[in-house]
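Protein chains in written order, with the working numbering: chain A, 1 to 264; chain B, 1 to 264; chain C, 1 to 363; chain D, 1 to 363; chain E, 1 to 83; chain F, 1 to 83; chain G, 1 to 189; chain H, 1 to 189.
All C-beta atoms, glycine included, are put in the ideal place defined by N, C-alpha and C.
Quantities reported herein were computed from a predicted structural model and do not represent experimental measurements.
Report on the following structure.
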Amino acid sequence: MEVTAQPQMPKVWRAETKPHKFCPGCGHGIVLKALGKAIDELNIQHNTIFGCDIGCSLLTWDFFNLDTIQTHHGRTIPVLVGIKRVRPELVVVSYMGDGGAYAIGAQHLVSSANRNELVTVIVVNNTQYAMTGGQMAPTTLPGQKTETSPYGRDIKLTGKPMLGPELVASIAPEGAYVARGTVSNVMQLKNFIKKGLENQIKGNGFSFIEALSACPTNWRTNAAETWSFIENEMSEYFPIGELRTPDEKKVGEKRKVTSNGAKH
Amino acid sequence: MEVTAQPQMPKVWRAETKPHKFCPGCGHGIVLKALGKAIDELNIQHNTIFGCDIGCSLLTWDFFNLDTIQTHHGRTIPVLVGIKRVRPELVVVSYMGDGGAYAIGAQHLVSSANRNELVTVIVVNNTQYAMTGGQMAPTTLPGQKTETSPYGRDIKLTGKPMLGPELVASIAPEGAYVARGTVSNVMQLKNFIKKGLENQIKGNGFSFIEALSACPTNWRTNAAETWSFIENEMSEYFPIGELRTPDEKKVGEKRKVTSNGAKH
Amino acid sequence: MDIKPIQDEKRAFMTGNEVIVWGALAAGADIMYGYPITPQNEIMHYWTRLVPKYKKDFLQTEDEISAGFTTVGGVLAGKRAFTATAGPGNVLMQEALSMAEMMRLPTVVIVTQRGGPSTGTVIYSQQEVNLTCFGGNGEGLRIVYSTSSHQELFNYTIKAFNTAWKYRFPTFVLSDGYQSKMREPVTIYDPEEKGITIEPTESLLGLPGTPGVERDPAHLRNTYNLEDELYNVVKSSVKEYNSIISKIVEYDTYAVEDAKVLIIAHGVVSRAAKAAISSLREKGIKAGYFRPITLRPFPDEALRSLVDNVDHIVVAESAYGQLENIVKNNLYGFNIPIIGYLRPGMGITPEEITDFVKAELSL
Amino acid sequence: MDIKPIQDEKRAFMTGNEVIVWGALAAGADIMYGYPITPQNEIMHYWTRLVPKYKKDFLQTEDEISAGFTTVGGVLAGKRAFTATAGPGNVLMQEALSMAEMMRLPTVVIVTQRGGPSTGTVIYSQQEVNLTCFGGNGEGLRIVYSTSSHQELFNYTIKAFNTAWKYRFPTFVLSDGYQSKMREPVTIYDPEEKGITIEPTESLLGLPGTPGVERDPAHLRNTYNLEDELYNVVKSSVKEYNSIISKIVEYDTYAVEDAKVLIIAHGVVSRAAKAAISSLREKGIKAGYFRPITLRPFPDEALRSLVDNVDHIVVAESAYGQLENIVKNNLYGFNIPIIGYLRPGMGITPEEITDFVKAELSL
Amino acid sequence: MATVFKAITTEDGKGIFHLFPALCKGCGLCIEKCPVDTIGWAKQLGVFGTPVVESGHGKPCIACKKCELVCPDSAIWIEKKEE
Amino acid sequence: MATVFKAITTEDGKGIFHLFPALCKGCGLCIEKCPVDTIGWAKQLGVFGTPVVESGHGKPCIACKKCELVCPDSAIWIEKKEE
Amino acid sequence: MGQNIKIVLAGEGGQGVQSIAEIISEAAYNSGFQSLYIPNFGVEQRGGVSVAFVQISDQSVDAPKFIIADIVIALSRRAIERVKPYIGEKTLLVYDSSVDDEVEKIYGKLGENRQLSIPALEMAQKEVHPRVFNIIILGVVVGVAELLEKKDVEQALERRLGHKFAQDSSLKNLNYRALELGYQLGQGK
Amino acid sequence: MGQNIKIVLAGEGGQGVQSIAEIISEAAYNSGFQSLYIPNFGVEQRGGVSVAFVQISDQSVDAPKFIIADIVIALSRRAIERVKPYIGEKTLLVYDSSVDDEVEKIYGKLGENRQLSIPALEMAQKEVHPRVFNIIILGVVVGVAELLEKKDVEQALERRLGHKFAQDSSLKNLNYRALELGYQLGQGK
Ligand SMILES: Cc1ncc(C[n+]2csc(CCOP(=O)(O)OP(=O)(O)O)c2C)c(N)n1
Ligand SMILES: Cc1ncc(C[n+]2csc(CCOP(=O)(O)OP(=O)(O)O)c2C)c(N)n1
Ligand code: SF4
Ligand code: SF4
Ligand code: SF4
Ligand code: SF4
Ligand code: SF4
Ligand code: SF4
Ligand SMILES: [Mg+2]
Ligand SMILES: [Mg+2]
């Protein structure tokens, strides 16, 4: 057969399962492209384990040519921590939504960051619980209408949008990598993810990347509105950039306690 | 009967259940004294609800002349949030251990802080799971020996001690109050707790006080060693002071999104 | 209640999730605490839309653990609080519900069953019977109503609040994804107009008067130091539970008088079972039908009293034997053959039951 | 395994929690994931002390949810991973175990039952039978060994790993606080010297070869889109489960040949039950004893085959009828009166059983 | 290669615009991102029965590949014309 | 007042040292905190059968109330002597 | 057909299948029938075929879903395959003429009483407006099912779209024409 | 007493009740008996009375806990009350003479074979050292129970404390003396 023009999917994408299961214009596809490119560039297809959460991320269960485990809602981090602890030669990627990471799975996020677990966590922030039909998430913007904030998110009653990377940066120890990218800047996002993977491979520490993403279905936006919401509304609230790189020192790092005045 | 010299317990302490159930020299007693004094000074015995966690804090279930609910391990915050949401006239105090707050209940801590719930959370940091016999907690110091870190906490494998107030401060919105006190400075601790209660009463926002405490039983320390561990080892790692007061502004506070480019 | 949500009797065509919301409003519910999960989501959606109008409250929590424990908080504070969940959310909620069971808190939980185990499907099943009736580390001192139609969803949502506050056991409306998502006719009404008294709530905390001064403080706990302390608490709950069974059990029967084949089903499957009776009878098979409405406590006496002349029992359920085991348990002592038409996570039609019965009984 | 933890047969006097650790070491366990809870704590304490010596791993997680899911991770990665929990921790762990049940992951969990419901007591009970056998939103496709002595704790901890990896259902050793905390003699040994082959583990993820290039990727999921997809998965698991029951069930009997009164008990209570037999026989009561060692699957055939001449069945348990219900279920069709000596959260002595039997049967 | 996609290829400016209808879901994200507005709706329907896109609707393509990059479905390949 | 505790009262320096044996668990925290080291172990046993404390072992009490403040069991009351 | 009818509608996400089902079932309810409507739903819904189940009866409706339908309406290429399980010996398959070839491929010839190809897409584009494609289909179903009075359907339509009609009266016209066109196509088949 | 004995030991946290129980049960195990030891435990342990249950038998031990004990040793005032449930018709209650009045108050006179007041606390203070109070009690139990050979107990003592004896040989002496003193007190009672 003559080789004709073919889509330039990242090599690690599994062509057999494309078109993927996401809605038209879904940001997940763009984040997964950035992740795919990063994996291609690092040449780690043979030893990467991909874990996806419940949420629209579950639709990636057969997305990659990677050994993949689709876990429970909010539980992708512990599953991958469990794997990494016994198979340190593997590169583990936890791919989750903002609801999974910042609400139901927040204890795992906080604890794995604090323990500096060698996992790379990618959180797709679409300001909603998308899979379940668009409820308010910790990341929903002030005033934003969702199915459970039908009159707009009232920050007096429900608080302000959760700043995930800022939270992680506040506790992650030396060696951690923390960044926030956006589907509006795919190459930058890819670079953040790549650094987050390298950070794990080098054994430095916890790696965390939030990606501002799009959910046109639940936002009920057309393409122009979608881009505008991400680039104007979201990016203003959620600042883009690197929050922690492994070379920085961190406050609160104190000397090792040699005598703990306890035990004998 | 002639009125003889009587112990100067805070008025809100319930004398009938004293001596309390804590070990000799337990820091809980000191924190509860600070809390008791703060309640006395604010004159809120009639409308304060006290919630205690599982952990040695459960031993307070009949400690105060306050309506008290002893909850599950890590779940005191949601129970009190549930109460406060429907009875805003009550002052609710969530009294928990470091394990309950920073490990099993971390999602509740993070989420209630983020939602700026009107609760006052007091976390007794004794660097251990005390009730269960002295296992490693998120707060255990580097090198410290516990029942599950018998050769000393290895920070390479288990991370560094969790900085709870710093975590809360990183996400709590405007109006929050965050401080760390110590049983070594009872009056300061009382003041922090009092401010945390006032902050709730004023309706400003989430209030969080960590108290560095003592667990001589599991530390296996005598009185001198106990004080030394708190004042030298712990205080060095966990800085004492106020981290957030309600008047400060906070980064990341952005304008309300008026048009979300979404819904109609 | 400032404004009565339902003034007159009203016929409507709506989804089950919407019906549940109207039921909760009719029962005077004050607040819903919840976490999104299919197929219960629209309960939250409808509820949040009506919250300002009827001066109700809503809190979206960080997970089902929190939804369970905030509900406990609302109940402790004396409010008619409820939550709704399904599948893995129901699994997580058992922690709070075991506390409610121990402390006799009148929690109301709507369960819209979905496929299991694990995340399973978001669609439908009857696989949460064990979990809802006996979940947690306890003895299952709970009250579970299994509904089969929108009318029942409405009626039993109201009843659940009343039962909970009257008897102080965790109370559940066990529904499923089909009932949640389908539309069918229903008549909603103001219960008081139908002579249904709404049980008053009661604060367990935050009572009037300064504790220790004007009254004793409420010191509520679920942890005991000695085996005997716990034993006495559990024993007295068991005793009370057993004493109210006869007041609580409900069931439905059809064509049982002369039945030789008894089909037992609960929830939405019972509709198919009931429908199968006619076609079986048309074919000369004397079939009858029994449906437990309360799965816990189970209407054992009612069932036992009508099987004497039955030759065959067929249990049909969208689960692998969860109802069948309960039936066996409650029919211990009989030896009528019981066969199960067990379809975990699958809907069941009248035709399937009819065919199954004919094939199995070689009739 | 670099160093064999147990070289020769060794008699020892130790606590049950210590025995469990030696059992896990003997079975070649690689890693324990766990969260503190009484009465399982010392399993972690002993394990962490031995970790460096035997080149094992340990991770203390942030809660039991995480302990369950990290264990799942370890198993997926092909390691002999295990965890231990109790009471409310067991409740929380059901979420991960429902995933293990769906995905057929050979997880091993040690349950040291404590008083329930809720936080209850930290001491002892047999109230986690329902939870362990049927917990989660599924059908309870699990294997549960209930032990009664330190020797069994050792033997069945080893067996649990083998059963799990051979049949790929979540496998539990159901113990209790008494067994955890008491000291009694035990003989520990290297299973291979006793001719017990240790089942090999297998990686489900992270296999050799580049996925999609040299081999198909492993795409593991627990969520299905259509009812039929799920139904087929559950059906095939059920089928496989049913087909291995006869290979798995275990039980113990004593003096059953001519027994008129059959005492059924499991776990540590069965010791008291067995002891009661002699004193009942001394008093002329022909008592016998049956003990299911596997509570799930239940040795129903064994039990059914020996009750034909029995006049009375007594179920003794430190719970309110959890075993009794299982027994009734499995004896459906018989009509021998069953009476329960039900003591939730309380220890049971031989004397109590003897007295109860005498009183109940007016003998 | 097991899976093969058919392209609709149009040339415009500096770029050869390959569009794979079996992948294009017609979301329009690419249209908005094209700096020269050359992308527009085509007659052909894509995988979801909605119109796919094509180049040639605005100024000539400058082969910046922005469209290719943002397409969530990898439905576009921009081949630079040999110069 | 329903609950009444008996005190052992000793005078020392500026303070009257009331010690409630039914509350004192003998932890020694007060001893370490006394700036004048006047607190020491007494013969009397407390609630757990361990020795309670008393003043008069060091320099005179300055009535700073530190001991009272840190006692986790509120077993000490320092009454300032009228001057 | 009798007073008891089971309908399956299937199509792509944008084709408005669920709205049609809702309107029909509500119309039936308004005219005094027992009626039950349930959509399919699952996690992979976005990309999947949308399916609606409607039952109308003069007696109570037994089970929310059913297997063999009386009428199956399949509106897209993928829907043709997807509805296979619901087609029994006597089922009438209604489909848009644009997918005649797909029907042929999958089912061969079903026989005259069992299949009905309608040029709804073309008609919508040419005679009314692509937007009201689903209303044509609605009309077809009403025509085929012969159970509901057109006026009841119109009433249900008003209830759902009335607020839009109020804003733009031409819309009302468009919808009513589409309904009528569909009705003509379906009636007597 | 026979070859089957049930012992309850109760005292304050610091009195070493659990250590005595451990040593006795291990000694019994070493001498070829079946033996079982279990402590009580609960959430309010710190301030509560510490209770140990020991069973020694030449047959297998049936249940970890029991109700009626053969011998109850109560070492503190609060322990006297706490052990009430374990005292049956034939139980021997052993207690320190310092709490004679408490025993009198709660149990009145139990009868000569049923109570044994021992001046262990005083003896420890005067004749050996307060630290070895529990070893005196250990001796008493061994003497009373008449089941174990002293040498087996000494062996168990060595296993537990041998490393301390090695550091300070006077300690060994002290312990052995305490054991002997207790044994004398208990023997034949
Ligand atoms: C324990 C549990 N609770 C709730 C759910 C239901 N659920 C499935 S997906 C989801 C929302 C996911 O939102 P997010 O993590 O933000 O991912 P998104 O869909 O937005 O990509 C929820 C709540 C579940 N599957 N399990
Ligand atoms: C779900 C659950 N998991 C575990 C436990 C066991 N548990 C009881 S207390 C406790 C430790 C408490 O430690 P911390 O919160 O630091 O309080 P402390 O005892 O140190 O004051 C644990 C793990 C429990 N009761 N429930
Ligand atoms: S619902 Fe939103 S997040 Fe989910 S696939 Fe569709 S567009 Fe993407
Ligand atoms: S164990 Fe520690 S924290 Fe608990 S009561 Fe004793 S000293 Fe206090
Ligand atoms: S971005 Fe991709 S899927 Fe979307 S319209 Fe353009 S080519 Fe099609
Ligand atoms: S390559 Fe650049 S200029 Fe060309 S079509 Fe794409 S976005 Fe437009
Ligand atoms: S009041 Fe001050 S000086 Fe006096 S005893 Fe107390 S601590 Fe010492
Ligand atoms: S601090 Fe209190 S309890 Fe401790 S020794 Fe001093 S007086 Fe006694
Ligand atoms: Mg999201
Ligand atoms: Mg602690």
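{"Item": "Any non-hydrogen atom of ligand 6 closer than 8 Å to Asp12 (chain E) Cβ", "Value": "yes"}
{"Item": "Local conformation of His45 (chain D) per DSSP, three classes", "Value": "helix"}
{"Item": "For Asn137 (chain C) and Gly42 (chain H), believed in contact at Cβ under 8 Å, the rounded distance", "Value": "That pair is no contact at about 17 Å."}
{"Item": "Euclidean distance between Cα positions of Ile240 (chain B) and Met187 (chain B)", "Value": "13 Å"}
{"Item": "Closest residue to Glu44 (chain H) among B:Cys56, B:Phe238, B:Thr48 (Cα-Cα distance)", "Value": "B:Cys56"}
{"Item": "Those runs of the beta strand (DSSP E) which lie wholly inside the segment 287-349 of chain C and span at least 3 residues", "Value": "287-292, 294-296, 312-317, 338-342"}
{"Item": "Beta carbon proximity, Met102 (chain C) to chain D, threshold 9 Å", "Value": "yes"}
{"Item": "Neighbour flag for Arg168 (chain D) against chain B, beta carbons, 9 Å", "Value": "no"}
{"Item": "Within the segment 54-128 of chain A, ranges of the beta strand (DSSP E) (whole runs, at least 3 residues)", "Value": "67-70, 91-97, 120-125"}
{"Item": "Closer than 8 Å at the beta carbon, the chain G residues around Met96 (chain A)", "Value": "Going along chain G, no residue has its Cβ under 8 Å from Met96 (chain A), so there is no contact; the nearest lies around 15 Å."}
{"Item": "Residue environment, Asn173 (chain H), which counts as buried when at least 16 other CB atoms sit within 10 Å", "Value": "exposed"}
{"Item": "Ala75 (chain E) beta carbon near ligand 5 (any heavy atom closer than 8 Å)", "Value": "yes"}
{"Item": "Beta-carbon proximity of Gly365 (chain D) to Ala124 (chain H), cut-off 9 Å", "Value": "No answer is possible for residue 365 (chain D): it lies beyond the span of chain D, which begins at 1 and ends at 363."}
{"Item": "Ligand 10 heavy atom lying under 8 Å from the CB of Gly55 (chain B)", "Value": "yes"}
{"Item": "Reference Ala26 (chain C); option with closest CA among C:Tyr35, C:Asn330, C:Glu192, C:Ile339", "Value": "C:Glu192"}
{"Item": "Three-state secondary structure assigned by DSSP to Ala388 (chain C)", "Value": "Nothing in the structure corresponds to residue 388 (chain C), since chain C is present only between 1 and 363."}
{"Item": "Alpha-carbon spacing of Asp143 (chain D) relative to Gly23 (chain D), whole angstroms", "Value": "The sequence shown places Ile at residue 143 (chain D), rather than the Asp named in the question. About 18 Å."}
{"Item": "CA-to-CA distance, Tyr156 (chain D) to Lys194 (chain D), given in whole angstroms", "Value": "14 Å"}
{"Item": "Cβ-heavy atom distance, Gly25 (chain B) to ligand 7, below 8 Å", "Value": "no"}
{"Item": "Amino acids of chain F, ordered along the chain, whose beta-carbon sits closer than 7 Å to that of Ile30 (chain B)", "Value": "Val70, Pro72"}
{"Item": "Where Tyr78 (chain H) sits in the DSSP three-state scheme", "Value": "According to the sequence provided, residue 78 (chain H) is Arg. The question's Tyr does not apply to it. Looking at Arg78 (chain H) - three-state DSSP - the assignment turns out to be helix."}
{"Item": "Paired residues, beta bridge with Pro4 (chain G) - DSSP", "Value": "Checking the displayed sequence, the identity of residue 4 (chain G) turns out to be Asn instead of Pro. For Asn4 (chain G), which the question treats as bridged, DSSP gives the partners G:Ser57."}
{"Item": "Own chain partners of Asn175 (chain H) with C-beta closer than 8 Å, once the 5 adjacent residues on each side are dropped", "Value": "Val132, Ile135, Leu157, Leu161, Phe165"}
{"Item": "Neighbourhood of Tyr254 (chain C) by C-beta distance below 7 Å, restricted to the same chain and skipping five residues each side", "Value": "Lys274, Ile277, Gly288, Tyr289"}
{"Item": "Neighbourhood of Ile65 (chain D) by C-beta distance below 8 Å, restricted to the same chain and skipping five residues each side", "Value": "Leu92, Met93, Glu95, Ala96"}
{"Item": "Per-residue contacts from Met9 (chain A) into chain G (C-beta, under 8 Å)", "Value": "Near Met9 (chain A) there are no residues of chain G at all, since even the closest Cβ is about 17 Å away, more than 8 Å."}
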